[in-house]
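Everything below concerns the one structure shown next.
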Amino acid sequence: EDQVTQSPEALRLQEGESSSLNCSYTVSGLRGLFWYRQDPGKGPEFLFTLYSAGEEKEKERLKATLTKKESFLHITAPKPEDSATYLCAVLLRGNDMRFGAGTRLTVKP
Amino acid sequence: DAGVIQSPRHEVTEMGQEVTLRCKPISGHDYLFWYRQTMMRGLELLIYFNNNVPIDDSGMPEDRFSAKMPNASFSTLKIQPSEPRDSAVYFCASQHRGTDYGYTFGSGTRLTVV
Chain A
218 EDQVTQSPEA LRLQEGESSS LNCSYTVSGL RGLFWYRQDP GKGPEFLFTL
268 YSAGEEKEKE RLKATLTKKE SFLHITAPKP EDSATYLCAV LLRGNDMRFG
318 AGTRLTVKP
Chain B
1195 DAGVIQSPRH EVTEMGQEVT LRCKPISGHD YLFWYRQTMM RGLELLIYFN
1245 NNVPIDDSGM PEDRFSAKMP NASFSTLKIQ PSEPRDSAVY FCASQHRGTD
1295 YGYTFGSGTR LTVV
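The listed protein sequences correspond, in order, to chains A and B.
Going by this note's numbering, the first residue of the first sequence is number 218, and it counts up by one from there.
Going by this note's numbering, the first residue of the second sequence is number 1195, and it counts up by one from there.
Right, here's the structure in full:
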């Protein structure tokens, strides 16, 4: 069965304290892995797409990496405005995008 | 562009009533998706359309749920009759193939069935 698991469920960091979020997947026929950010009361906001193992993408303080079994979202020197829930999703056959449960990140000043 | 527009933002209804959620996708996007988000189950795909045609509705929980897309700029998700377990946030998203497959989500409709 296709599964997407994110860890940890919640993460509290001090401003400037770098860390990583994990997304592990067991799927047949991965067509892409996606990261989204979701703020309270809003819809998810697209961040990155990764297609193959070894691929990396960066945006400001965020860097996403992909291996054959997992993806990491690295947050370097986070700021309070980076606080949000980060969702990982995998694109399966057709246009079926399967989301993980998310990691709720809190960055304290 | 104003993004994906959903209405209403909040809906409170009584069990047994009909509920209609509305979505206006981004102009030029050829895919439209309806998702439901709950604490217990996270984000679940209900149905998606390509060029106004329903492609996969296997996520629609039961016959009480129906979705239509009469034209490229409008879609509805209807629940009739509604039940308390339908309480959730319903998101609409649209996508243009060729843009890294990232979806653009609306702000959602928070549905409460009492």
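Just so it is clear, CB atoms sit at the ideal spot from N, CA and C, and this is done for glycine as well.
Which residues in the same chain have their Cβ closer than 8 angstroms to the Cβ of residue i, if we skip the five residues on either side of it in sequence?
| i | result |
| --- | --- |
| residue 1223 of chain B | 1288, 1289, 1290 and 1298 |
| residue 1205 of chain B | 1213, 1215, 1303, 1304, 1305 and 1306 |
| residue 1245 of chain B | 1224 and 1266 |
| residue 1197 of chain B | 1220, 1298 and 1300 |
| residue 1278 of chain B | 1209, 1307 and 1308 |
| residue 300 of chain A | 322, 323 and 324 |
What are the boundary residues of the beta strand (DSSP E) that includes residue i?
| i | result |
| --- | --- |
| residue 1250 of chain B | 1247-1250 |
| residue 1231 of chain B | 1225-1232 |
| residue 1263 of chain B | 1259-1265 |
| residue 1218 of chain B | 1213-1218 |
| residue 239 of chain A | 236-243 |
| residue 290 of chain A | 287-292 |
| residue 310 of chain A | Taken as a continuous stretch (DSSP letters only), residue 310 of chain A belongs to no beta strand (DSSP E), as it is neither H nor E. |
| residue 1304 of chain B | 1303-1307 |
| residue 1204 of chain B | 1204-1207 |
| residue 324 of chain A | 320-325 |
| residue 1236 of chain B | 1236-1244 |
| residue 1296 of chain B | Taken as a continuous stretch (DSSP letters only), residue 1296 of chain B belongs to no beta strand (DSSP E), as it is neither H nor E. |
| residue 314 of chain A | 314-316 |
Go through its chain and collect everything with a Cβ distance to residue i's Cβ below 6 angstroms, but skip five positions before and after it.
| i | result |
| --- | --- |
| residue 1283 of chain B | 1231, 1302 and 1304 |
| residue 265 of chain A | 252, 274 and 281 |
| residue 1227 of chain B | 1242 and 1287 |
| residue 1260 of chain B | 1272 |
| residue 308 of chain A | 248, 249 and 314 |
| residue 1296 of chain B | none |
| residue 1203 of chain B | none |
Among the residues of its own chain, which have a CB less than 7 angstroms from the CB of residue i, if the five just before and after it don't count?
| i | result |
| --- | --- |
| residue 270 of chain A | 283, 284 and 285 |
| residue 1207 of chain B | 1213, 1276 and 1307 |
| residue 1263 of chain B | 1226, 1243, 1246 and 1269 |
| residue 232 of chain A | 295, 296, 297, 324, 325 and 326 |
| residue 225 of chain A | 320 |
| residue 1280 of chain B | 1273, 1305 and 1307 |
State the CB to CB distance for the pair residue i and residue j, rounded to an integer number of angstroms; the pair is presumed to be in contact (CB under 8 angstroms).
| i | j | result |
| --- | --- | --- |
| residue 1240 of chain B | residue 1254 of chain B | 5 angstroms |
| residue 223 of chain A | residue 305 of chain A | 5 angstroms |
| residue 1199 of chain B | residue 1218 of chain B | 4 angstroms |
Check distances from the C-beta atoms of the segment 1293-1308 of chain B to those of chain A and list, in chain order, the residues that come in under 8 angstroms.
-> Cβ contacts with chain A come from 1294, 1295, 1296, 1297, 1298, 1299, 1300, 1301 and 1302.
Of the residues that make up the segment 1241-1263 of chain B, which ones have a beta carbon closer than 8 angstroms to any beta carbon in chain A?
-> Within the segment 1241-1263 of chain B, the residues whose Cβ lies closer than 8 angstroms to some Cβ of chain A are 1242, 1244, 1249 and 1250, listed in chain order.
Interface positions of the segment 244-264 of chain A facing chain B (Cβ-Cβ less than 9 angstroms), listed along the chain | Against chain B - using a Cβ distance shorter than 9 angstroms - the residues of the segment 244-264 of chain A are 248, 249, 251, 253, 255, 258, 259, 260, 261, 262, 263 and 264.
Proximal residues, the segment 280-314 of chain A versus chain B, C-beta separation under 9 angstroms = Answer in chain order: 304, 306, 308, 311, 312, 313 and 314.
Given a limit of 8 angstroms on CB to CB distance, which residues of the segment 1264-1285 of chain B reach chain A?
-> From the segment 1264-1285 of chain B, only 1285 have a Cβ closer than 8 angstroms to chain A.
Could you tell me whether the segment 311-321 of chain A touches the segment 1268-1283 of chain B, where touching means 3 or more Cβ pairs closer than 8 angstroms?
-> Counting Cβ pairs under 8 angstroms, fewer than three are found: no touch.
Decide if the segment 270-289 of chain A is in contact with the segment 315-326 of chain A; the criterion is three or more beta carbon pairs, one per stretch, under 8 angstroms apart.
-> Taking one beta carbon from each stretch, the segment 270-289 of chain A and the segment 315-326 of chain A have fewer than 3 pairs nearer than 8 angstroms; the two do not touch.
Should the segment 280-298 of chain A be regarded as contacting the segment 232-251 of chain A, the criterion being three or more beta carbon pairs within less than 8 angstroms?
-> The segment 280-298 of chain A makes contact with the segment 232-251 of chain A: 3 or more CB pairs, one atom from each, lie closer than 8 angstroms.
Proximal residues, the segment 1198-1230 of chain B versus chain A, C-beta separation under 7 angstroms = Only 1225 from the segment 1198-1230 of chain B bring a Cβ to less than 7 angstroms from some Cβ of chain A.
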